[in-house]
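Undergrad: I'd like to ask some things about the structure below.
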Amino acid sequence: MGLMFKQLHSLFVGDAGPIELRRVHDEDTLAAIRAGMDEYAVLVFHDQPFTDDEHLAFAQRLDGALHTKLGSAAIQKNRFGNEALGDISNLGSDGEILKSDDRRRAYTLGNRLWHTDASFQDPPGRYSMLHAKVIPPVGADTEYADMRAAYDALPAETKALIQGLRVHHSIAYSRQTLGFDFSKDEEEALKGAVYPLVRTIPRSGRRALYVASHASRIIDWPVPEGRLLLRDLIEHATQRQFVYRHTWRVGDLVIWDNRCTMHRATPFEDTKHPRELRRVTTLDMGGPEMAPHTPQPSERPGKAGSLL
Ligand SMILES: [Fe+2]
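Encoded structure:
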């Protein structure tokens, strides 16, 4: 089966085809998809007629063990009885559209903040694979930011400043910024996790900023200074030149690498139109790339100037 990539953005994102992923079992094609992920960080596959079981099986063939602690489990039971099959929808367990004051809706509105999946868990998410079943007539796109290109574009003094820093990620923090409060029990189940601010992605060797709305503070820094730096980095990384916007079609499967991208949902009339997607995310078991990076001589502080 021939697999080709067409780049959709000047920096990243490949349109991959023609291929029917549920029928892909051979190691050569799976390796070609992984190589495409290393290069493009986001791959778009149109016209994928996955059942949920086929979606789950393909994700494991491509990237191994699946994540089952994706945050929402703390506040609601999975609609499909399988925590590995993420319910990215505006529907309740009865299949009806959630009302505007529903707590589950308030929780999912957090997906409109820039984030990277499960960065508040240990292990976090590596590849997320989102499959579109029902799409509303207008809106509900997903935006992606290339955190490798954003890192590359930083001034040398900023690269030197941030090397070796570690960040605490917490979904309780990110949801609280929207006024959503977890109960004590929920918070207990979501204590957060600590990861390097700069990661080196295996195979490609590229460095990437690992930040998100879940990033609550920089370890060993005063909270205000840490939050200001995190906010500056997210603003830098989400400038338009680093962002691709995906407009969904039914049957699309988009795979993104959570280690080197951020994403966010865009608004739509979610109390009026159903939107239904399924997300499967693999476990990022870490390894050497999770260790803080040692700065190279070329990255050491130079002349004073703008940090971003
Ligand atoms: Fe997400």
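Just so you know, numbering that gives the first Met the number 0 puts 142 at position 143 of the sequence shown, and the rest follows in order with no gaps.
Backbone N, C-alpha and C define an ideal beta-carbon position, used for all residues, glycine too.
Going by the DSSP bridge assignment, what does Arg174 pair with across the sheet?
TA: Looking at the DSSP assignment, Arg174 forms no beta bridge with any residue, so it has no partner.
Undergrad: In three-state DSSP terms, what is Lys183?
TA: Note: Lys183 maps to helix in three-state DSSP.
Undergrad: So, using beta-carbon positions, are Ala144 and Thr237 closer together than 9 Å?
TA: Ala144 is a Cβ neighbour of Thr237, given a cutoff of 9 Å.
Undergrad: Could you tell me whether any non-hydrogen atom of ligand 1 is closer than 8 Å to the CB of Arg278?
TA: yes
Undergrad: Using the Cα positions of Ala40 and Ser169, report the straight-line distance between them to the nearest angstrom.
TA: Approximately 24 Å between the Cα atoms of the pair.
Undergrad: For the segment 177-185 and the segment 83-95, state whether three or more C-beta atom pairs, one from each stretch, are separated by less than 8 Å.
TA: They do not touch, by the three-pair rule.
Undergrad: Does DSSP put Leu97 in a helix, in a strand, or in coil?
TA: coil
Undergrad: Does the distance between the C-beta of Asn89 and the nearest non-hydrogen atom of ligand 1 fall short of 8 Å?
TA: Judged by the Cβ position, Asn89 fails to qualify as a neighbour of ligand 1 at the 8 Å threshold, every heavy atom of the ligand being at least this far.
Undergrad: For Asp14 versus His45, is the C-beta distance shorter than 9 Å?
TA: Asp14 places its beta carbon less than 9 Å from that of His45.
Undergrad: By how many angstroms is the C-alpha of Asn81 removed from the C-alpha of Thr157?
TA: 43 Å
Undergrad: Output the distance between the C-alpha atoms of Ala148 and Ala56, rounded to the nearest integer angstrom.
TA: 32 Å
Undergrad: Would you mind reading off the limits of the alpha helix (DSSP H) that contains Ser28?
TA: According to the sequence as given, residue 28 is Thr; it is not Ser. Counting along the chain, the alpha helix (DSSP H) containing Thr28 begins and ends at Glu26 to Tyr39.
Undergrad: What is the residue span of the alpha helix (DSSP H) that Lys158 lies within?
TA: Ala155 to Ile161
Undergrad: So the beta strand (DSSP E) Ile254 belongs to, where does it begin and stop?
TA: Residues Leu252 to Asp256.
Undergrad: Starting from Leu69, trace the alpha helix (DSSP H) in both directions and tell me its first and last residue.
TA: Leu69 -> no alpha helix (DSSP H), and no H or E assigned at all.
Undergrad: Cβ-heavy atom distance between His8 and ligand 1 below 8 Å?
TA: No.
Undergrad: For a test of your reading of the model: does the CB of Ser169 fall under 8 Å from any non-hydrogen atom of ligand 1? Yes or no.
TA: no
Undergrad: Would you kindly report the start and end of the unbroken alpha helix (DSSP H) that includes Asp145?
TA: Careful: Asp145 lies outside any alpha helix (DSSP H), inside the beta strand (DSSP E) at Thr141 to Asp145.
Undergrad: Arg125 to Asp37, Cα distance in whole Å?
TA: 12 Å
Undergrad: Say yes only if the C-beta of His114 is nearer than 8 Å to one or more non-hydrogen atoms of ligand 1, and no if none qualify.
TA: The closest heavy atom of ligand 1 lies less than 8 Å from the beta carbon of His114.
Undergrad: Flag this pair as touching only if the segment 222-237 and the segment 20-33 have three or more C-beta atom pairs under 8 Å; answer yes or no.
TA: Output reads no: the segment 20-33 does not touch the segment 222-237.
Undergrad: List the DSSP bridge partners of Arg103.
TA: Answer by DSSP bridge pairing: none, since Arg103 is not bridged.
Undergrad: Check whether the Cβ atoms of Val197 and Leu208 sit closer than 9 Å, and answer yes or no.
TA: yes
Undergrad: Using a Cβ-Cβ cutoff of less than 6 Å, which residues in the same chain neighbour Glu142 once the five nearest sequence positions on both sides are dropped?
TA: Val242, Arg244 and Arg263.
Undergrad: Which residue marks the beginning of the beta strand (DSSP E) containing Leu282, and which one marks its end?
TA: Glu275 to Leu282
Undergrad: Run the proximity test for Asn110: is its beta-carbon closer than 8 Å to any non-hydrogen atom belonging to ligand 1?
TA: yes
Undergrad: For Leu20 versus Gln47, is the C-beta spacing smaller than 9 Å?
TA: Yes.
Undergrad: Taking Cβ to Cβ, would you say Ser127 is nearer than 9 Å to Asp140?
TA: no
Undergrad: Name, in chain order, the residues that DSSP records as bridge partners for Ala131.
TA: The partner list for Ala131 (beta bridge, DSSP) reads Leu276.
Undergrad: Give me the Cα-Cα distance between Phe4 and Trp220, rounded to the nearest whole angstrom.
TA: Inter-residue distance for Phe4 and Trp220 is about 43 Å (C-alpha atoms, whole angstroms).
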